[in-house]
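For the sequence shown, my numbering gives the first residue as 4, with consecutive numbering after it. We treat Cβ as the ideally placed atom computed from N, Cα and C, and that holds for glycine.
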Amino acid sequence: MRALVREIPTSFTRALSAQAPTSPIDPVLARAQHAAYVAALEASGVTVETLRADEAHPDCVFVEDTAVIVDGVALITQPGAPSRRGETEAIAAALAKQIEIVRMTGDATLDGGDCMRVGNTIYVGASARTNSAGVARLTEVFPRMRVVTVWLPAGILHLKCVCTPIGESRMLLAESSLAPATFDADIIRIPAEETYAANAVAVGSHVIVADGFPQTLDALSTAGFTVHAVPTSEVRKADGSLTCQSLLY
Ligand code: CIR
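This is how it looks when you write it as structure tokens:
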């Protein structure tokens, strides 16, 4: 498996966030934490390609939002936040060396953080960032996938803020977020007080989780995963978590 990631720019201190962080983002610490994330991907057997930071785009580390990759085809998105639209070209150029690229145009918007694939289903969060034209384009580009729209309550930035896939038929889901019946999958429930840890990156028998969430760590260890806990304080100040820092394919 390969991953595309992107360095953290110094302008990351101006990244989007729904609420101003209680302490400013420290870009030096953010880079150290990003390095730990990349090391965890490599320890999970992933070959990582790292793109240079783009100072003009403070949120460029959150590459997940710029593409949805299924079975060797990458749909390059139009991120819902206008300030992030310019992030996609460098991603498209890097992916085009490896896989087929298709585009999203017109009024369609979609953030990759709203797309969760479990088996042959892509659950798509109808969020403030992803509109119906974006979902329609996703459905058109991946005709063999079942696309299910999930209405997100206000306050949830992306679908994968509260749930992530763990293998082909299992997923993590934060308690008190979305109804478990929404999903046709085996669910590992994450206690509400550990909601942030419901965003995890699973690669085979490895899983990368945010550190500081002992119940989630125990649940994943009990489920048989090798768990890599990584620090996330700085990306969290910019409403980021773990899946958003890579594109896996
Ligand atoms: C944003 O608001 O777009 C970024 N500050 C955070 C994006 C996080 N992306 C993700 O969870 N997929």
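Does DSSP put residue i in a helix, a strand or coil?
i      : result
Ile168 : Per the sequence shown, residue 168 should be read as Pro rather than Ile. The answer is strand: DSSP assigns Pro168 an E or B state.
Cys247 : helix
His231 : strand
Thr25  : coil
His60  : coil
Ile94  : helix
Val49  : coil
Arg132 : coil
Asp74  : coil
Glu197 : helix
Glu67  : helix
Leu44  : helix
His209 : strand
Arg88  : helix
Ala38  : helix
Leu160 : coil
Do residue i and residue j have their C-beta atoms within less than 8 Å of each other?
i      : j      : result
Gly83  : Thr152 : no
Ile104 : Ile79  : yes
Ile193 : Ala43  : no
Val188 : Val127 : The sequence shown places Ala at residue 188, rather than the Val named in the question. No; because the gap between Cβ atoms is not below 8 Å, this pair is not in contact.
Ile1   : Ile159 : Outside the shown range of the chain (4 to 252) lies residue 1, about which nothing can therefore be said.
Phe15  : Cys247 : no
Ala157 : Cys166 : no
Ile102 : Ala77  : yes
Ala46  : His161 : no
Ala241 : Leu19  : yes
Glu67  : Gly116 : yes
Glu52  : Leu113 : no
Met107 : Asn123 : no
Arg5   : Thr50  : yes
Ile72  : Leu250 : yes
Glu90  : Cys118 : no
Leu245 : Tyr40  : yes
Thr229 : His209 : yes
Residue i: buried (16+ other C-beta within 10 angstroms of its C-beta) or exposed?
i      : result
Pro217 : exposed
Asn202 : buried
Gln22  : exposed
Arg55  : exposed
Glu171 : exposed
Ala99  : exposed
Leu110 : Note that residue 110 is Asp in the sequence shown here, rather than Leu. Counting Cβ neighbours within 10 Å, Asp110 comes out exposed, since fewer than 16 surround it.
Ala17  : Per the sequence shown, residue 17 should be read as Arg rather than Ala. Classification for Arg17: exposed.
Gly227 : exposed
Leu175 : buried
Gly243 : buried
Do we get a CB-CB distance below 8 Å when we pair residue i with the residues of chain B?
i      : result
Val206 : Within the model displayed, chain B is absent; a lone protein chain is all it includes.
(message) Closer than 8 Å is the cut-off here; do at least three beta carbon pairs connect the segment 185 to 202 with the segment 234 to 246?
(response) yes
(message) Below 8 Å, how does it come out for the segment 93 to 101 and the segment 134 to 152: are there three or more Cβ pairs, yes or no?
(response) no
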